[in-house]
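Down below is the structure, laid out as structure tokens.
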Amino acid sequence: MSLIVFLLISILTVILTTWILRKILLEGKYEYAIFFVLYYLPFYVTGLGLVYLPTRSILIVNIFQYLKELVLVTGVLSFVFYHKSFFQYPFRLHKVDMLFLAFIGLGFLYMVLPLGEASTVSKVVYFKNLLMPGLVYFLARNTQFDEQDARDLFKGIFIIALLAFIVNIGEKLAATHLQSHTGFAIFLQEVRDMEPSGNYGLAWTFETQSTSRRLASFFADPLELASSVLLGFSAGLIWYLTSKREDWTVYAIVMGASFASLLFSSSRAAFASFFVMLLFIAVIFRLYKLLLFGGAVFLLFVVYVLFFASEDFYFFVIDTITFENTSSVGHVVEWLLALESMVANPLGIGLAMSGNVGVVDEELRVGGENQYLIYGVQLGWIGMFLYILILAYGIKTCIQVFRLSDNVMTARIAFVGAAVKVGLLLPLFTANAELYSYVAWMSWWMVGYSVNAFQQIKYSSIQLS
């Protein structure tokens, strides 16, 4: 059975990769790399487990693992090749461009400097992980989708959200994790040298403190699912708000499915960030009815916890609020260790010295459960503030494009980009959230697309004046 699944995954991957590379190499549509991100990354880690289970081949796993880098690099090379007058291409740098270049440049400098105890290979691999979001941003920064391409992109986001919910329902009914049947634990143990943990033989992130299941659907873990549903919900919301009333059903279903998946994941940070995202959308985009909706949902949640929830769930919520939950205490300890390192080493201690990436040696790791501090430990205070400024100016630009653009599809992309980046601000405090490649890369693409749109609006207005 596992061999049949492997063959099916191989066939689907070949079809997807061939379609994307054909568009990129033969038609010069480098922007189609984002469709590979859309359809490949949600299933990425689960797929690696299913590939390794029947083959036990690290070589074959590496082929599937590095396909995403191959497609993105090919997209960038296609951009260069198909612009024969590349050096006359009108690069007009925006603040986000300059900040991204500075951040990646700093990462490159720390990769080549003899700083830190990590091996050269670990530094190179870590820098590669640092570079990938920049390549996605660069491709989006030079992308203009027509209406059909943008519509296809949103359709894909809706499909992923609905599929995740359907798998969650299956997991709930079967009282199991999908990952228990995909070779996930074997893959972690034999390929990534991580011993299975927890009561379900997977990892502690797959259960609450009371040992109830936290579901992940086909994502790598429940935390990635919880962050990724922010993308589906915000996409469904903007289409609901900007479409004809008779078309509201599908978008309402997408929003409902996304919220349900959030509940299945039992992620405290993502649940809080969902309401932060609703508040942000309501205030910034002047959608004040959302305040009433968010308040009503929050009130229902409080009533449920106080009067209807099980005792385990009740104390799970109370312990979280009072920081008596073991996981919450663990986060604080990691933050303090990271801050201590940053105070002692304000310029950082080098790449591959913090975070939960596989190339970070556990014996060398300092901190690792706060994306801001992870960069701060490695790249110093400068690196951390560069990352924060990229987020701040990226969100600001998306808001401006949403308000200024006459193109409905562009405005929708900007809306989702801003909403998701704001929604991820809290998960970034409690996780190495840039590892959630699907939602991280998709949202960086939307930021890049919005910056491109903003520059066009800006320079067209200058020419008109």
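Here this note's numbering is used: position 346 in the sequence shown is 1101, and no number is missing along the way. For every residue, glycine included, the Cβ atom is placed at its ideal position computed from N, Cα and C.
Item	Value
Determine the direct distance from the alpha carbon of A958 to that of S952, and round the result to whole angstroms.	5 Å
Within 10 angstroms of the Cβ of V1087, are there 16 or more other Cβ atoms? Answer buried if so, exposed if not.	exposed
Quick one: measure Cβ to Cβ for G830 and F819, integer angstroms, because I've assumed they're closer than 8 Å.	About 18 Å; that fails the 8 Å criterion.
According to the neighbour-count rule (16 or more other Cβ atoms, all chains shown, within 10 Å of its Cβ), is W1196 buried or exposed?	buried
Under the DSSP definition of a beta bridge, which residues are partnered with L957?	S952
Using C-beta distances below 8 Å, list every residue in its chain close to G1135, excluding the 5 sequence neighbours before and after it, in chain order.	M1097, N1100, P1101, L1102 and G1103
So, do the segment 929–942 and the segment 803–812 have three or more beta carbon pairs nearer to each other than 8 Å?	yes
Looking at C-alpha atoms only, which residue of I912, M756 and M853 is the closest neighbour of V792?	I912
Beta carbon of P797, beta carbon of Y1193: below 8 Å?	yes
What is the residue span of the alpha helix (DSSP H) that S1020 lies within?	W1003 to S1020
Cβ atoms of V1177 and F1029: under 8 Å apart, would you say?	no
Measuring only the C-alpha atoms, how far is I775 from L1091?	44 Å
Which whole runs of the beta strand (DSSP E) in the segment 1085–1163 are 3 residues long or more, in chain order?	none
Count the other CB atoms, across all protein chains shown, that sit within 10 Å of the CB of S812; report buried if there are 16 or more and exposed otherwise.	exposed
Does the beta-carbon of E950 have 16 or more other beta-carbons within 10 angstroms, so that it is buried, or is it exposed?	exposed
Taking the beta carbon of A1007 as the centre, do at least 16 other beta carbons fall within 10 Å, making it buried, or is it exposed?	exposed
Hey, could you find the ends of the alpha helix (DSSP H) F858 is sitting in?	K850 to V867
Please report the straight-line C-alpha distance between I1168 and M1201, rounded to a whole angstrom.	6 Å
DSSP state of E724, grouped into three classes?	Given a span of 756 to 1220 for the chain in the structure shown, any question on residue 724 remains unanswerable.
Could you say which of Y881, D901 and M1139 lies nearest to L1094 if we only look at CA atoms?	M1139
V867: buried (16+ other C-beta within 10 angstroms of its C-beta) or exposed?	exposed
Tell whether a beta-carbon distance below 8 Å holds between F834 and L894.	yes
Does any residue of chain C have a CB that is nearer than 8 Å to the CB of I770?	The structure shown has no chain C; it contains just one protein chain.
If you compare alpha carbons, which of M1010, S874, L885 and V1114 is closest to F988?	M1010
Do you know how far the Cα of D904 is from the Cα of A1166?	14 Å
Please report the straight-line C-alpha distance between L771 and Y785, rounded to a whole angstrom.	15 Å
How big is the Cα-Cα spacing for T773 and E945?	30 Å
Mind reading off the beta-carbon distance from M1032 to A1147? Whole number of angstroms is fine, and I expect it under 8 Å.	With a Cβ gap of about 16 Å, M1032 and A1147 do not count as contacting.
Kindly identify the DSSP beta-bridge partner or partners of R896.	The partner list for R896 (beta bridge, DSSP) is empty, contrary to what the question assumes.
Under 8 Å: do the segment 864–881 and the segment 1105–1114 share three or more Cβ pairs, one atom per stretch?	yes
Answer yes or no: the CB of H1086 versus the heavy atoms of the ligand NAD, is any distance below 7 Å?	As far as ligands go, the structure on display features none, and thus does not contain the ligand NAD.
What are the boundary residues of the alpha helix (DSSP H) that includes L1179?	From DSSP, L1179 is part of no alpha helix (DSSP H); its letter is neither H nor E.
By a C-beta neighbour count over all protein chains shown, 10 Å radius and 16 as the cutoff for buried, is L860 buried or exposed?	Contrary to the premise, residue 860 reads as Gly rather than Leu in this sequence. Exposed, because fewer than 16 other Cβ atoms sit within 10 Å of the Cβ of G860.
Can you name the start and end residues of the alpha helix (DSSP H) that Q934 belongs to?	It is not in any alpha helix (DSSP H) - Q934 carries neither H nor E in the DSSP assignment.
Should F942 be labelled buried (16 or more other beta-carbon atoms within 10 Å of its own) or exposed?	buried
In or out: S967 buried (at least 16 other Cβ within 10 Å) or exposed?	exposed
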